[in-house]
């Protein structure tokens, strides 16, 4: 029992330090009482098979529509959902999807919501459910997890999520990364739900999928350093603003930078271009690849 406790402590500490956890490491701590596993897949996929003890959560429990864009829900709503999932102050969270469209991004956004409301130990399952399913010794459950209400007290921490005025005031002062596919950044095509075409002036293109291998596994640290530090000239102690179409794509760049690479001043423009590019009074740039120099 003592050896299992020490193993769990070690694995969860490593998870908290890197932001991502392997299926092998997760398998070793499945019975840890502090572990809460969150499945963001469809109800159909969840019913067909999920990681044992997983609780299912919808992205709509974390985001709400505001005009043409969406924003994170209130402190009260976030706390209610976290308690429904059985989360306590000392819980250790692992979130995953079933490798379907946007499920990795739903995972990173829910992690963002949890962390900005005071939870410290949150990780994403590297490779998502496909990585778990591929291993012969991994148990797959079709049983509903018994609901266990948690007692987490959510307290929203200001500073990570920024608004339109903040972004506007920091154009060409703070590096900005756009997480959409490059074709939308460059202005060749229009993003869904966005009226105007182009990117925020001086922002750099940083497609969120470029940080992952084809199989959905996070790229090696050396590659991530080349992308963010050598490529974009970002400084770990300095501010960076992340945005995308509507908040989901940028949340993955934010999670990698803040939780995996420890950029402690990474911020996210949650409303993103669903707000910015649906107005007529905000600047946009097309047909230009940009860089940022301090």
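Residue numbers (the working numbering): 1284 to 1577.
Don't be surprised by glycine CBs; every beta carbon is placed ideally from N, CA and C.
The DSSP-derived three-state label of residue 1305 is coil.
In this chain, the beta strand (DSSP E) harbouring residue 1349 covers 1346-1349. Within the model, the alpha-carbon separation for residue 1465 versus residue 1492 is close to 11 Å. Assignment of beta-bridge partners to residue 1338 by DSSP yields 1321. Contact between residue 1551 and residue 1572 is ruled out by a C-beta separation of about 22 Å, above the 8 Å threshold.
Secondary structure remark: continuous alpha helix (DSSP H) runs of at least 4 residues inside the stretch 1451-1483, in chain order: 1465-1469. Judged by their CB atoms, residue 1302 and residue 1338 are not nearer to each other than the 8 Å cut-off. In terms of Cβ geometry, residue 1516 and residue 1434 do not form a close pair [threshold 8 Å]. In this structure, residue 1484 and residue 1453 do not form a Cβ contact; the two beta carbons are roughly 11 Å apart against a cut-off of 8 Å. Under the Cβ criterion (8 Å, minimum of three pairs), the stretch 1491-1509 does not count as touching the stretch 1475-1483.
The three-state reading of DSSP puts residue 1407 in strand, counting E and B together. Ranked by Cα distance from residue 1321, the first of 1553, 1364, 1498, 1436 is 1364. Residues 1322, 1323, 1324, 1386, 1387, 1389, 1390, 1411, 1412 of the same chain have their beta carbon placed closer than 8 Å to that of residue 1380, with the five preceding and five following residues left out of the count. Taking a C-beta distance under 8 Å as the contact criterion, residue 1541 and residue 1549 qualify as a contact pair. Under the criterion of beta carbons closer than 8 Å, residue 1306 and residue 1414 qualify as touching, at roughly 5 Å. Residue 1545 counts as exposed, since fewer than 16 other C-beta atoms from the protein chains shown sit within 10 angstroms of its C-beta. The beta carbons of residue 1447 and residue 1532 sit about 18 Å from each other, so the pair does not count as a contact at 8 Å. The C-alpha of residue 1499 is placed about 8 Å away from the C-alpha of residue 1382.
Taken through DSSP and simplified to helix, strand or coil, residue 1512 comes out as helix. Between residue 1437 and residue 1361, the C-beta gap is smaller than 8 Å, which places the two residues in contact. By the C-beta density criterion, residue 1423 is exposed, having fewer than 16 other C-beta atoms within 10 angstroms.
For residue 1392, the uninterrupted alpha helix (DSSP H) segment begins and ends at 1386-1399. DSSP, read as helix, strand or coil, puts residue 1357 in coil. Between residue 1477 and residue 1560, the C-beta spacing is below 8 Å. Judged by their CB atoms, residue 1384 and residue 1317 are not nearer to each other than the 8 Å cut-off. Taking C-beta separations shorter than 8 Å and ignoring five residues to either side along the sequence, the partners of residue 1425 in its chain run 1330, 1331, 1332, 1333, following chain order.
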